[in-house]
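All remarks here apply to the structure that follows.
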Amino acid sequence: MNFSLTTELPWWLVLFCLIAGAGISAILYFKDKNSEYSPITQKVLALVRGFAVSLIAFLLLSPMIKTITRRLEKPVVIMALDNSESIITTKDSAYYRGEFIKQWSKLADKLSAKYELQTYSYSDKLQPGIAGDFRGKQTDMGQLFDEIATRYTNRNVAALIVAGDGLVNRGADPLFASENASYPMVTVALGDTNQHKDLLISRVVYNQIAYLGNDFPLEITLSAYQCEGQSVTLTVTDEKSAKLFSQPVSVTSAEFTRTVQVKIQASEAGTRRYRISVSGIKGEVSQTNNVHDVFVDVLDGRQKILILSAAPHPDIAALRQAIETNPNYQAVQLTTADDPGDLHQYDLVVLHQLPSMANAAVSLLEKVRNASVPVLYIVGKQSNLAAFNQLKTGLSIIATSTAANEAYASVNDNFPLFSLPEEVRNMVANMPPLSVPFGQFQQATASEVLMNQRIGSVVTQMPLVLFNQGIDTKTGIIAGEGVWRWRIAGFMKTGNHKAFDELISKIIQYLAVKEDKSRFRIIDKKSYLENEQVSFNAELYNESYELDNTPEVKLVVTDSVNKSYPFVFSRTSNAYTLNTGSFTPGRYNYEASVVYDNKPMQKKGSFIVMPINVETLNTVANHSLMYNLAARHDGVMVYPADLAKIEEFLANRDDIKTVAYSQKRFTELVNLWWVLALIVVLLAAEWFIRKRAGGY
37 MNFSLTTELP WWLVLFCLIA GAGISAILYF KDKNSEYSPI TQKVLALVRG
87 FAVSLIAFLL LSPMIKTITR RLEKPVVIMA LDNSESIITT KDSAYYRGEF
137 IKQWSKLADK LSAKYELQTY SYSDKLQPGI AGDFRGKQTD MGQLFDEIAT
187 RYTNRNVAAL IVAGDGLVNR GADPLFASEN ASYPMVTVAL GDTNQHKDLL
237 ISRVVYNQIA YLGNDFPLEI TLSAYQCEGQ SVTLTVTDEK SAKLFSQPVS
287 VTSAEFTRTV QVKIQASEAG TRRYRISVSG IKGEVSQTNN VHDVFVDVLD
337 GRQKILILSA APHPDIAALR QAIETNPNYQ AVQLTTADDP GDLHQYDLVV
387 LHQLPSMANA AVSLLEKVRN ASVPVLYIVG KQSNLAAFNQ LKTGLSIIAT
437 STAANEAYAS VNDNFPLFSL PEEVRNMVAN MPPLSVPFGQ FQQATASEVL
487 MNQRIGSVVT QMPLVLFNQG IDTKTGIIAG EGVWRWRIAG FMKTGNHKAF
537 DELISKIIQY LAVKEDKSRF RIIDKKSYLE NEQVSFNAEL YNESYELDNT
587 PEVKLVVTDS VNKSYPFVFS RTSNAYTLNT GSFTPGRYNY EASVVYDNKP
637 MQKKGSFIVM PINVETLNTV ANHSLMYNLA ARHDGVMVYP ADLAKIEEFL
687 ANRDDIKTVA YSQKRFTELV NLWWVLALIV VLLAAEWFIR KRAGGY
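Heads up: take any position in the sequence shown, counting from 1, add 36, and you land on the numbering used here.
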């Protein structure tokens, strides 16, 4: 490190600084021949004052200290090892776990003596060091080049040494990701390029969600190599090991592939595990890929719709048929003579012409109101309008005649609650009229009208279909009977009931959807991959539905053998968050709890962790990728037995050298604290000497 003093102004100005210091000292201490100080004291005071003044004057020249620092940087050599499962799926797995890791570590020790060595292990994630456990579930080589580009830009990178089998199943193409790399690459080709005897489940396509009682498909692709002439059995079992499907498969070629379509019935609700397996063949290179587990979330998600009527009517059949075209809905048809049971089990109640003239159904309507279940009213000729108006549904009908009016439907273009497809709008515009009560229609201000009545060619402001959002429940009203005519007319025009069914489905979906009004909520995913972090978010509301994260929220995760994992949420600005880390594949239940205003609150749920089997699907190494990486970047490809050649390759390259860096730094003298301290010390010393000598 070298130091020097410099200034932007000419150095001869320093002479004037010295003259200024000497002049002021002379005037102050030598103008009076009869000085009150002794000659020695007088000279010391003049010297101190002159040096201080000269130093202050010198600072006016903006002097700077120039520092030159020289640093030697050894060449940086980066070693990266493929730590994915595919490395040990071959018969040489014991060699890679043992001897190869020893040789790789030995090479790292030798190179660290000559170069600045950095080691990495890559798979689904990049981590520093030599892991060597080969547990990675996926291989992403592109992240290695991104890390080098980010961390080692403008560094003296001498070479990258990559050991892997060339099998990449995640991230960017390594050839593309390394396109801008300016350093040479040495690749070590691991694995075996020969195709050995292997039988595997290469692909399974399925839906992660199924509904209870429905069949869901599995599309299973079976692959076999060097197994011609063999007969194997493909089996699907549930988590209780009950056999759900079994089929013999004959392998007819050296490279064999067959796709089998399987349908499984979702017989139990919850997250179910299904195991797909194929019987093994003697001499297989690996049997870990003969089994594939899938997890399906079986939902008892069918919403139950209760249709209640005073008497049979063709509208009821039309509604029921439209509702049941959606597999998520289950329609239950009853009359007032039947006992509907607990109404909480239903997601929507359809009341057809109830209350009626013959049956006011007072107790039934009271049960519906107490259950806080959404209701769709269909008004007709048999409706008791006086009793209907007392229900405060959002629509009041004052009958002025016992006769009915024929009203066509006109869709309200400004309806905000949901949208209707164009084919439904076209159907409504051309449908027969409904029979509506003749009278005055008064709707609540908060009601939303889907369709208005059209009498002849005049579109009135009287609603035909409208909705009202109450404090606890939603209400829908179809102010006329005869929707069965719409279903028949739609079929006559189009040959299907699609438009009518879509209209009814939209109405049912809006009314039956459940809104989460709970004050304690957990937001989570239903499924994770085994290399993903399982995370949760939580929200807690006070009685005014304002977010509050004052109390502590706990969560307990339980696995399939009832082992518990307790956690505590962290607070965010106004809510909660939690990262529980990763879990092994399987089904897990959780329970979150909090005590708020001395009231305990709980939320229960479940999630599944799905296995990743991509590393075992291909056992043939891709050495061409490793060769192309080396060839494109002025390097060489070697095999594990030739690791010693890497040292020789690096030693023979003329471009791998230690680099010297020089760094200049300028520091203004006036910014140095010790300069100010020196001036203060000089002036303080002068003052002290003068006082000591009896001066003023």
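Glycine included, each C-beta is placed from N, C-alpha and C at the ideal position.
Evaluate P499 with the Cβ neighbour count: other Cβ atoms within 10 Å of its Cβ, from every protein chain shown; 16 or more gives buried, anything less gives exposed. Position 463 of the sequence shown holds residue 499. Counting Cβ neighbours within 10 Å, P499 comes out buried, since at least 16 surround it.
Take S90 and list the residues in its own chain whose beta-carbon comes closer than 6 Å to its own, dropping the five residues that flank it on each side. Here residue 90 refers to the residue found at position 54 when the sequence shown is read from its first residue. Result list for S90: C53, L54, G57, in chain order.
For chain D, is any of its Cβ atoms less than 8 Å away from the one on L384? Absent from the structure is chain D; it holds one protein chain and no more.
Give me the DSSP bridge partner(s) of S282. For the purposes of this step, residue 282 is taken as residue 246 along the sequence shown, with counting starting at 1. Paired residues: T271.
Flag this pair as yes or no: are the beta carbons of N119 and S157 separated by less than 8 Å? Here residue 119 refers to the residue found at position 83 of the sequence shown. Here residue 157 refers to the residue found at position 121 of the sequence shown. Cβ atoms of N119 and S157: closer than 8 Å.
Compute the Euclidean distance between the alpha carbons of F252 and V224, then round it to the nearest angstrom. The residue you call residue 252 lines up with position 216 of the sequence shown. The residue you call residue 224 lines up with position 188 of the sequence shown. Each residue's alpha carbon lies about 46 Å from the other.
Member of V570, S98, R623 whose CA lies at the smallest distance from the CA of F605: Residue mapping note: residue 605 aligns to position 569 of the sequence shown, counting from 1. The shortest Cα separation from F605 among V570, S98, R623 belongs to V570.
In whole angstroms, what separates the C-alpha of L235 from that of I648? As a first step, residue 235 is located in the sequence shown; it is residue number 199 there, counting from the start. As a first step, residue 648 is located in the sequence shown; it is residue number 612 there, counting from the start. Looking at the two C-alpha atoms, the distance is approximately 18 Å.
Going along the chain, which residues of its own chain have a beta-carbon closer than 7 Å to the beta-carbon of Y365, five neighbours each way excluded? Looking up residue 365 in the sequence shown gives position 329. Same-chain partners within the cutoff: R338, Q339, I341, I359, I544.
On the premise that I715 lies in contact with I92, defined as a C-beta separation below 8 Å, what is that separation, rounded to the nearest angstrom? The sequence position of residue 92 within the sequence shown is 56, counting from 1. The sequence position of residue 715 within the sequence shown is 679, counting from 1. That belief holds up - the Cβ atoms of I92 and I715 are roughly 6 Å apart, short of 8 Å.
Under 8 Å between the Cβ atoms of Y247 and P363? Walking along the sequence shown from the start, residue 247 turns up at place 211. Walking along the sequence shown from the start, residue 363 turns up at place 327. Taking 8 Å as the Cβ cut-off, Y247 and P363 qualify as a contacting pair.
Sequence-distant residues of its chain with Cβ nearer than 6 Å to K403 (five each side left out): To locate residue 403, count along the sequence shown from 1; it is residue 367. Excluding sequence neighbours, K403 sits near L379.
Are the beta-carbon atoms belonging to M221 and H669 less than 8 Å from one another? What you label residue 221 is simply residue 185 of the sequence shown in a count that begins at 1. What you label residue 669 is simply residue 633 of the sequence shown in a count that begins at 1. Their beta carbons are under 8 Å apart, which means M221 touches H669 by this criterion.
Compute the Euclidean distance between the alpha carbons of F685 and P111, then round it to the nearest angstrom. Taking the sequence shown and counting its residues from 1, one reaches residue 685 at position 649. Taking the sequence shown and counting its residues from 1, one reaches residue 111 at position 75. C-alpha separation (whole angstroms): 14 Å.
Here's the rule I'm using: 16 or more other beta-carbon atoms within 10 Å means buried, otherwise exposed. How should N190 be labelled? Here residue 190 is taken as the residue at index 154 of the sequence shown, counted from 1. It is exposed - the Cβ of N190 has fewer than 16 other Cβ atoms within 10 Å.
DSSP three-state assignment for I524, whether helix, strand or coil: Mapped onto the sequence shown, residue 524 falls at position 488. I524: helix per DSSP, three-state reduction.
Does the contact criterion of 3 or more C-beta pairs under 8 Å hold for the stretch 387 to 400 versus the stretch 570 to 590? no
I need the DSSP call for E360, collapsed to helix, strand or coil. The residue given as residue 360 occupies position 324 in the sequence shown. E360 falls in the helix class under three-state DSSP.
Let me check one thing: in DSSP terms, what residues is F212 bridge-paired to? Residue numbering aside, residue 212 sits at position 176 when the sequence shown is read from its first letter. DSSP output for F212 lists no bridge partner at all.
Can you pull the DSSP bridge partners for D228? Numbered from 1 along the sequence shown, position 192 holds the residue referred to as residue 228. Per DSSP, none; premise fails for D228.
Buried or exposed: where does A367 fall if 16 or more other Cβ atoms within 10 Å of its Cβ makes it buried? Position 331 of the sequence shown holds residue 367. Looking at its Cβ environment, which holds 16 or more other Cβ atoms inside 10 Å, A367 is buried.
Just checking, does the stretch 477 to 491 make contact with the stretch 435 to 444 on the three C-beta pairs under 8 Å criterion? yes
Assess, as a yes-or-no matter, whether the stretch 135 to 147 is touched by the stretch 662 to 681 under the definition of 3 or more beta carbon pairs within less than 8 Å. yes
Counting only the same chain and skipping the five closest in sequence on each side, list residues whose C-beta sits under 6 Å from that of N425. For the purposes of this step, residue 425 is identified with residue 389 of the sequence shown, where counting begins at 1. Hits under 6 Å: S432.
Count the other C-beta atoms from every protein chain shown that fall within 10 angstroms of the C-beta of P46, then say buried if there are 16 or more, exposed otherwise. Position 10 of the sequence shown, counted from the start, is the residue given in the question as residue 46. P46 is exposed by the Cβ-count criterion.
Would you decide whether S259 is buried or exposed? Buried here means 16 or more other CB atoms lie within 10 Å of its CB. Numbered from its first residue, the sequence shown carries residue 259 at position 223. Label assigned to S259: buried.
Determine the burial state of Y219: buried for a count of at least 16 other Cβ atoms within 10 Å of its Cβ, exposed for fewer. Locating residue 219 in the sequence shown gives position 183, counting from the first residue. Y219 is buried by the Cβ-count criterion.
Taking the Cβ atom as the reference point for each residue, do E484 and F503 lie within a distance shorter than 8 Å? Within the sequence shown, numbered from 1, the residue matching residue 484 stands at position 448. Within the sequence shown, numbered from 1, the residue matching residue 503 stands at position 467. Cβ atoms of E484 and F503: closer than 8 Å.
Where does P676 sit, in a helix, a strand or coil, going by DSSP? On the sequence shown, residue 676 is found 640 positions in, with the first residue counted as 1. Helix at P676.
Between which two residues does the alpha helix (DSSP H) carrying N425 extend? Position 389 of the sequence shown, counted from the first residue, corresponds to residue 425. Element bounds for N425: 421 to 425.
Given 8 Å as the limit, is there contact between the stretch 657 to 668 and the stretch 191 to 204, that is, 3 or more CB pairs closer than that? yes
What do you get for K510, buried or exposed, if any count of 16 or more other CB atoms within 10 angstroms of its CB means buried? For this step, residue 510 is matched to residue 474 along the sequence shown. Buried, because 16 or more other Cβ atoms sit within 10 Å of the Cβ of K510.
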